[in-house]
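Comments concern the structure below.
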Amino acid sequence: MLSLILAAMAVPAAADKIVGSVMIVRHGDRTAKSADKTVLTPIGEQEQYEQGSFFHSRYFNTSSDFHIEGLNSTYQASQIAASVPNSAVLQNSQLAFLQALYPPISTLSDDGEATVLGSSLSNGTDDASPLDGYQYVTIQGVDEETPDAIWIEGASSCPAATNASKSYYDSDEFKKLNESTYDFYQGLYDLLGGGVPKSKLNYKNAYTVYDYYLVNMIHNQTFYDNVKDHGETYMKVKTLQDQLSKALNYNSSNPDTYIAGKTLGGKVLSALNETKTTGEPFLTLMHASYSTFYSLFGALDLFSVDDATFTGLVNYASAAAFELIEKDDGSQYVQFSFRNGTESTTNSTASQPSPPLTAYRVLGSDDTHMDYDSFVSELKKVAITDLSSWCSACSATLDMCIPYSQDYLTAKAHDFKFSTNNLTLAGAGGIGAGVTLGVCAIVGGLVFLFLRRRRQGSTVSDASSDITHIQSANKSEMSQV
């Protein structure tokens, strides 16, 4: 119990300082996924804003014990790397988060490092941006099926991950639960107001049922009034969803189920290494979906640490942070912390007040403070750190994976073998052209010499006649003397 209390504080030692952080945040509240168009709701925006405010207070405020030295409260492009998949819900979530992480300049009077580049004018006055100094933070939108996409959505376009996930439907566990819970799910039809077809009221669609239940409980007054006295039913719907979603995104006996967590782990390694070796960016920010969190927790071995916490679907706007912390002797360690939602998140589901940022042991460590080198060594054992490895693990056939496919490598090997024995195909073509030109040059040269010799022959004959004539004349002159 004491260890959990201390962990909940997520506090480095007094003399230690945070030098950088990698944050992964779930999107905020949204409309139902079953709807034609899923959008971030005002509640979702508020959840993100609150989470951004939390981390602003932690990292930017100079009076905070977790303040990152050198991190400016006014946006500097080199100090933060923010990326997000090209999804409206995820992108708007990140924008709302960043609005609070970098609030308007006029609100930064308590932050010691709030400086505005280019605000001073030649007439001695200062100018401000619109909306009280609103800050425009650049984010990198990541397209699907591109090399950058694998880091945040490693299971997307990954056949191996898809097949591994679907294999759960063939398991005895799934078959038993799908059968034993059938009557329970069918009995939800009237409670849900017919919003979910009976054909989809089963364990296989546990997430769809839960999502519909949750979204309408938050946004539909009539629905809420109908279900508010059915707390046990809601908890069973949620528990079954938790079990299904975890199984689809993490199975310890089938590593392909958590490829998304492996690639995200690779991104964490590269981001921390960049901060450690170059000093920037101080912050790396990514927004992701719930399934990615399940896979990440599996890759970090967090289910063996606190299965009850991490099996549950993470709340909207939940945030995980990998903090790089430096001791007074210059050595560094990594601390993983997780905050399950925000005050708005928990209020919307009538559960608990503002959740804490809690530190957890990862990768088999016996301490929440894991030596940097040990952290890197252990995470590398499971992480996917480059595109080639992802393509291979996924058996992916995307265009970007062609250079790493077996057919391509085999063809390249044959080409190399030919080049080592003789020439590459390109070289052979060049030599062929060169030989042709050479033959033409030789033939042309022979013709030229032949014609030149004929001309020289005629000239020599004429010259010989002239010399004979001169010699005859000289003889005549000599006889006259």
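Residue numbers for the sequence shown, in mature numbering (1 follows the signal peptide of the UniProt record, and there is no 0): -15 to -1, 1 to 466. All C-beta atoms, glycine included, are put in the ideal place defined by N, C-alpha and C. Owing to the predicted nature of the structure, the values given are computational and were not obtained by experimental measurement.
Looking at the secondary structure, which residues open and close the beta strand (DSSP E) in which residue i lies?
i	result
M271	L268 to A273
G126	Q125 to V127
I369	Premise fails: I369 is in no beta strand (DSSP E) and is neither H nor E.
For the alpha helix (DSSP H) that contains residue i, what are its first and last residues?
i	result
F39	P27 to Y44
L199	A191 to H204
F295	D292 to T296
S141	Counting along the chain, S141 falls outside any alpha helix (DSSP H), and DSSP gives it neither H nor E.
A134	A134 to I137
G5	First-last for G5: K2 to R11, but that is the beta strand (DSSP E), not the alpha helix (DSSP H).
F169	Y167 to Q171
D21	Where D21 is concerned, there is no enclosing alpha helix (DSSP H), given that its DSSP letter is neither H nor E.
P388	That residue, P388, is in no alpha helix (DSSP H); it is neither H nor E in DSSP.
Mapping the DSSP letters down to three states, classify residue i as helix, strand or coil.
i	result
L75	helix
Q61	coil
Y301	coil
D157	helix
I53	coil
Y393	helix
V253	helix
E311	strand
G216	helix
P182	coil
Y345	strand
P70	strand
S316	coil
A381	coil
D210	helix
S105	strand
A413	Because A413 carries a pLDDT of 49, less than 50, the predicted location of this residue cannot be relied on, and the following value inherits that uncertainty. It is helical.
A306	strand
Look at residue i and residue j and say whether their C-beta atoms are less than 8 Å apart.
i	j	result
L233	T277	no
F323	Y345	yes
L83	F40	no
I65	L298	no
V127	N211	no
A302	Q33	yes
G118	I90	yes
F244	G109	Residue identity check: residue 244 is Ile in the sequence provided, not Phe. For I244 and G109, no; Cβs fall outside 8 Å.
Y170	Y188	yes
K271	V122	It is worth fixing the name first, because residue 271 is Met in this sequence and not Lys. It is not a contact, given that the beta carbons lie outside the stated cut-off.
I28	A273	no
C379	A146	yes
G37	S78	no
Y192	S230	yes
Tell me which same chain residues have a C-beta within less than 7 Å of the C-beta of residue i, skipping the five on either side of it?
i	result
H354	Y318 and Q320
S377	Y389
L106	D112
A62	T123
Q125	A67 and S68
Suppose the cutoff is 6 Å on Cβ atoms and the five residues either side in sequence are ignored; what does the same chain contact list for residue i look like?
i	result
Q120	Y60 and Y87
I53	I3, Y44 and F267
If I measure Cβ to Cβ from residue i and keep anything under 8 Å in the same chain, skipping five residues before and after, which residues do I get?
i	result
F282	Y235, G246, F288 and F295
H215	L176
Cβ contact check for the region 367 to 378 and the region 244 to 259: 3 or more pairs under 8 Å: yes
The region 193 to 208 / the region 141 to 152 touching (three or more Cβ pairs under 8 Å): no
Is there contact between the region 2 to 19 and the region 299 to 316, where contact requires at least three CB pairs shorter than 8 Å? yes
Stretch pair the region 280 to 294 + the region 219 to 239: three plus CB contacts closer than 8 Å: yes
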